[in-house]
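Colleague: Residue numbers (our numbering), protein chains in the order written: chain A, 1 to 209; chain B, 1001 to 1209; chain C, 2001 to 2209; chain D, 3001 to 3209.
Protein chains: 4
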Amino acid sequence: MSQHDNTAEQAIASVPASEENNKSGRPRSESSRRAILDATRRLLTHTSVQKLSIEAIARKAGVGKTTIYRWWPNKASVVMEAVFSQPAFQNILPTPSNAKQGIRIQIEKLARQLAGKHGRIVAEIIGEAQPDQEAIDMLVKTFLQDRYDALAAYINGGKKNGEFDPDMDTDTAIDVVLGPIIFRIISGQEIDDEFTEQAINMLTKSLSV
Amino acid sequence: MSQHDNTAEQAIASVPASEENNKSGRPRSESSRRAILDATRRLLTHTSVQKLSIEAIARKAGVGKTTIYRWWPNKASVVMEAVFSQPAFQNILPTPSNAKQGIRIQIEKLARQLAGKHGRIVAEIIGEAQPDQEAIDMLVKTFLQDRYDALAAYINGGKKNGEFDPDMDTDTAIDVVLGPIIFRIISGQEIDDEFTEQAINMLTKSLSV
Amino acid sequence: MSQHDNTAEQAIASVPASEENNKSGRPRSESSRRAILDATRRLLTHTSVQKLSIEAIARKAGVGKTTIYRWWPNKASVVMEAVFSQPAFQNILPTPSNAKQGIRIQIEKLARQLAGKHGRIVAEIIGEAQPDQEAIDMLVKTFLQDRYDALAAYINGGKKNGEFDPDMDTDTAIDVVLGPIIFRIISGQEIDDEFTEQAINMLTKSLSV
Amino acid sequence: MSQHDNTAEQAIASVPASEENNKSGRPRSESSRRAILDATRRLLTHTSVQKLSIEAIARKAGVGKTTIYRWWPNKASVVMEAVFSQPAFQNILPTPSNAKQGIRIQIEKLARQLAGKHGRIVAEIIGEAQPDQEAIDMLVKTFLQDRYDALAAYINGGKKNGEFDPDMDTDTAIDVVLGPIIFRIISGQEIDDEFTEQAINMLTKSLSV
DNA sequence: GGGTAACCGAGACGGTACGTCTAGTCTTTAA
DNA sequence: TTAAAGACTAGACGTACCGTCTCGGTTACCC
């Protein structure tokens, strides 16, 4: 499990940890990096992702704009790293259990992550990424991929052990499971326990033989 | 049923047709209105919703910026009216049939509307609306509501005639049905027939008793 | 004589007074124009032309940067209009007198204008204009041309009435007369009465038959 | 006379050749120094002094910015050393002859040096130095001083042997002689033989008794 | 048919942010 | 110790839009 720690940070950071030595010149400032991400998180409590500006982040972080542009290609990347590297967004990984139970746990976890103000921010990140395929890819990589992988494991497990319909396309099934949760926040509604419970029931039914 | 004609246009236009008389002063220019919507549509074939600017629309339409601001509160409104008032986005309405068949028809219609470049534009409209609850409400009103209504009719019908689980919450069920389609375009994937067919099968299963 | 009033302002202003009517759209703000020139003058008492920035002018004048860029092509133009439209830089014009006396008066006037801090600023304007032929042309038009014209009148007069060498090229003669004064400030020296007096003696001698 | 060789280089370089030994640590890299001056000269054929940046020089020379800042206080110094250390700018020194002839030779030489693109560069150097008295001083030291000295020798000689007016202030006389040539390039005009010839005639006349 | 009122286009206004560039400094490793 | 590399804070550049405003004009209705 340890190999998945800090997944988001590593996926976004442009200088992978494994190569960061054996370079000449002044090394990247860890304190600036942290200041930028902290400032971003703090600003996001007051403004939307769209109204957040690189200039404001730089100002708040006490950092030159160039430093941000040197390490992140655009605003979306900074925001994704700032938001998704938070502990609350670390994904839980598949644990040995029956498939239906696993799906339930994954959905509940995601629903909990997207309830409240985090949901708003994620919705705005998704919105911000729309016009740019690269940004969408990064969104998938830093946020959705782990959920995809975990769900795929459970779905494939269920298809093998007879819990789920073996003719079902796994990728489609994942979209069917994730879609309603994401759509809920995208369409401006709250995610509450009642919705979550009902949706889990329907979705597990949809997967069954 | 005729009361649904031109829903999008009427829902967005700030001066309802029924009140546009009995006013003094020069009346709103219909030709300007059309020029603005046409310019918006044409510009959207080349740029994203986010990069589209009110200034560019005004320039292209040969219209003063004030004229746009007078009739639409923001860019999202203009774009929604321009896009959703197109014939391709007029919704089909429930026709008497069994519930499962109705659901299938609705999903197929939506999938067809969102395949290709229209899907990209709708995804960008959804993204653009995220930071503003009012914009999300307008999005629901001009685009989603008709689909909600149609689906609600079928789902409630199915619950009554024994096709669908009567304990199921209709609103949740609608989100479960629409979610995967919308999520598909939001996450940067294409909507093809295979996905649609598979999803319909899963979703009708999820609704069943 | 009246046709020479406010020469500098008219030469620089991009919208000649004679055409400023019969235009559509909001008219140019006279108060902004004045605020920009005032701010420029005030900032020049503290910083050099080179360190002066358009942003600082805009900030100080309470004006958008665009407003400056709309009416002046570059920093040099703003500075020239701000400096040379001051009353102290209005040129004296040829008055009927003998040629030698006229030359003396012109040189004395210029020396007085360039003594003290005005000399520093003019030197910096000249320096700022060097890399750009257009800027040099504007410098000539807004500052030097009047001096050229006045000197030309006296020199040509002197050539006719026998005071000056008739074989002398007038343009060259003007450069010989103006050069030492300008060079004095360019080379970082002060212009004092002793220098002026000596130079006048030498230069009138150089013009004589 | 040999003590004047390479005057410009010695005057600008902060570590005189005579002391560069008897130091501990890694010695100054002669190849870097040359690379910097070469890069500067090459860049000046394409861009103006003002648009030339330390960064561009460092990049072109394959050198760290720090290396430039360690040895030259500012851009003007680098440019002056790069330009004025070229053979074409080595000054000719007074040779025994009559004073008027000496003045003529000095002016002709200077005029030749400032004709063509060298004149543009020198004008830009002068411009660049304006806002900074230290830079002006350095300009005088590396470029003008030799001309001052040579002219002073001839003028003082002429005052003694009766060719020139003995009451004339030598410093003022030098400014009167140099001013027109420098002013000519500063005001964006070309220096051609006709101008030079006419100016020499006028200026020698101005010096005479 | 003259007034009044709201519309229209044009375009200037004060602002904010963009992404790039450079300044001059600082911090590391290699020579 | 100096060199080289390159990251750092700082801040100006010139451009694009925002949403507002101020013009001169136009088109309806109402008295």
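Quick reminder that beta carbons are idealized off the backbone N, C-alpha and C, glycines included.
#1: What does DSSP give as the partner residue(s) for F3084(D) in the beta ladder?
#2: Nearest CA to the CA of R3104(D): which residue from A3061(D), R3120(D), Q3090(D), A3150(D)?
#3: According to DSSP, simplified to helix, strand and coil, what is S32(A)?
#4: Less than 8 Å between the beta carbons of I1107(B) and I186(A), yes or no?
#5: So, does the CB of D2169(C) fall closer than 8 Å to a CB anywhere in chain D?
#6: G66(A) lies in the alpha helix (DSSP H); which residues open and close that run?
#7: Please list, in chain order, all residues of the same chain as R2112(C) whose beta carbon is under 6 Å from its beta carbon, the five residues on each side excluded.
#8: Ordered along the chain, which non-local residues of its own chain (more than five positions away) have a Cβ less than 7 Å from that of T1047(B)?
#9: Comparing the C-beta of E1163(B) with each C-beta of chain A, is any distance below 8 Å?
#10: When you compare the CB positions of I57(A) and L43(A), do they come within less than 8 Å of one another, or not?
#11: If you count every other CB in all the chains shown that lies within 10 Å of the CB of G2061(C), and 16 or more means buried, which is it?
#12: Just how far apart, CA to CA, sit I36(A) and Q50(A)?
#13: To the nearest angstrom, report how far apart E2194(C) and I2200(C) are at their CA atoms.
#14: Would L2144(C) and I2125(C) be called neighbours here (beta carbons separated by less than 8 Å)?
#15: Please confirm whether A2153(C) and P2094(C) have their CB atoms less than 8 Å apart.
#16: Quick one: what does DSSP say S77(A) is sitting in, helix, strand or coil?
#17: For the alpha helix (DSSP H) containing I121(A), list its first residue and its last residue.
#18: What's the call for E1030(B), buried or exposed, on a 16-neighbour Cβ count within 10 Å?
#19: Can you find a C-beta in chain D that's less than 8 Å from the C-beta of P2073(C)?
#20: Would you call the stretch 1113 to 1122 of chain B and the stretch 1160 to 1174 of chain B in contact, with 3 or more CB pairs under 8 Å?
#21: S3208(D) by DSSP, collapsed to three states: which one?
#22: Roughly how many angstroms lie between the CA atoms of N3163(D) and G2127(C), to the nearest whole one?
#23: At a CB distance below 8 Å, what residues from the stretch 3179 to 3196 of chain D approach chain C? Give them in sequence order.
#24: Hey, is M202(A)'s beta-carbon within less than 8 Å of any beta-carbon in chain B?
#25: Output yes or no for whether 8 Å exceeds the beta carbon distance between S1208(B) and D1175(B).
#26: Do you know how far the Cα of A1076(B) is from the Cα of P1131(B)?
#27: What are the start and end residues of the alpha helix (DSSP H) that includes L1144(B)?
#28: Along chain C, which residues have their Cβ under 7 Å away from the Cβ of D3175(D)?
#29: With 16 other CB atoms within 10 Å as the buried threshold, where does T2040(C) fall?
#30: At which residues does the alpha helix (DSSP H) containing T170(A) begin and terminate?
#31: Report the rounded CA-to-CA distance for Q3198(D) versus I2155(C), giving the unit in angstroms.
#32: Using CA atoms only, rank isn't needed, just tell me which of N98(A), K159(A), P73(A), Q189(A) is closest to A135(A).
#33: Which value, in whole angstroms, describes the spacing of the CA atoms of A3099(D) and N3161(D)?
#34: Distance cutoff 8 Å, beta carbons only. Does Q3133(D) sit that close to anything in chain C?
Modeller: On the basis of the coordinates in this document:
#1: DSSP lists no bridge partner for F3084(D).
#2: Looking only at A3061(D), R3120(D), Q3090(D), A3150(D), the smallest Cα-Cα distance to R3104(D) is reached by A3150(D).
#3: Three-state DSSP puts S32(A) in a helix.
#4: No, the pair does not count as a contact, with Cβ atoms beyond the cut-off.
#5: Output row for D2169(C): interface = yes.
#6: Before going further, note that residue 66(A) is Thr rather than Gly in the sequence given. Residues 65 to 71.
#7: Excluding its 5 nearest sequence neighbours in each direction, R2112(C) has no C-beta neighbour in its own chain below 6 Å.
#8: Around T1047(B), the same chain offers no residue with a beta carbon nearer than 7 Å, after the five sequence neighbours per side are excluded.
#9: False, the Cβ-Cβ gap to chain A never drops below 8 Å.
#10: If you check the CB distance, I57(A) and L43(A) come in under 8 Å.
#11: In the sequence under discussion, the amino acid at residue 2061(C) is Ala, which differs from the Gly named in the question. The Cβ neighbour count for A2061(C), taken over all protein chains shown within 10 Å, is at least 16; the residue is labelled buried.
#12: Answer to the nearest angstrom: the Cα atoms are 17 Å apart.
#13: A straight-line Cα-Cα distance of about 10 Å links E2194(C) and I2200(C).
#14: The Cβ-Cβ distance between L2144(C) and I2125(C) does not fall below 8 Å.
#15: Pairing A2153(C) with P2094(C) gives a Cβ-Cβ distance under 8 Å.
#16: It is helical.
#17: DSSP places I121(A) inside the alpha helix (DSSP H), whose first and last residues are 117 to 129.
#18: E1030(B) comes out exposed.
#19: It does not: the Cβ of P2073(C) has no partner Cβ on chain D nearer than 8 Å.
#20: In short, these stretches do not touch, since the Cβ pair count stays below three.
#21: In the displayed model, S3208(D) falls within a strand according to three-state DSSP.
#22: Correcting the residue identity first, residue 3163(D) is Glu in this sequence and not Asn. Those two C-alpha atoms are separated by around 37 Å.
#23: The residues in question are G3179, P3180, I3181, I3182, F3183, R3184, I3186, S3187, G3188, Q3189, E3194, F3195.
#24: M202(A) counts as touching chain B.
#25: Judged by their CB atoms, S1208(B) and D1175(B) are not nearer to each other than the 8 Å cut-off.
#26: Distance between the alpha carbons of P1131(B) and A1076(B): 11 Å.
#27: Run containing L1144(B): none; DSSP gives neither H nor E here.
#28: Residues of chain C with a Cβ closer than 7 Å to the Cβ of D3175(D) are, in chain order, P2180, F2183, R2184.
#29: For T2040(C), the number of other beta carbons within 10 angstroms of its own is at least 16, and it is reported as buried.
#30: From DSSP, the alpha helix (DSSP H) with T170(A) extends over 170 to 186.
#31: Their Cα atoms are separated by approximately 15 Å.
#32: Residue P73(A) is the option with its Cα nearest to A135(A).
#33: Spanning the two alpha carbons is a distance of roughly 9 Å.
#34: Under the Cβ criterion of 8 Å, Q3133(D) is counted among the residues facing chain C.
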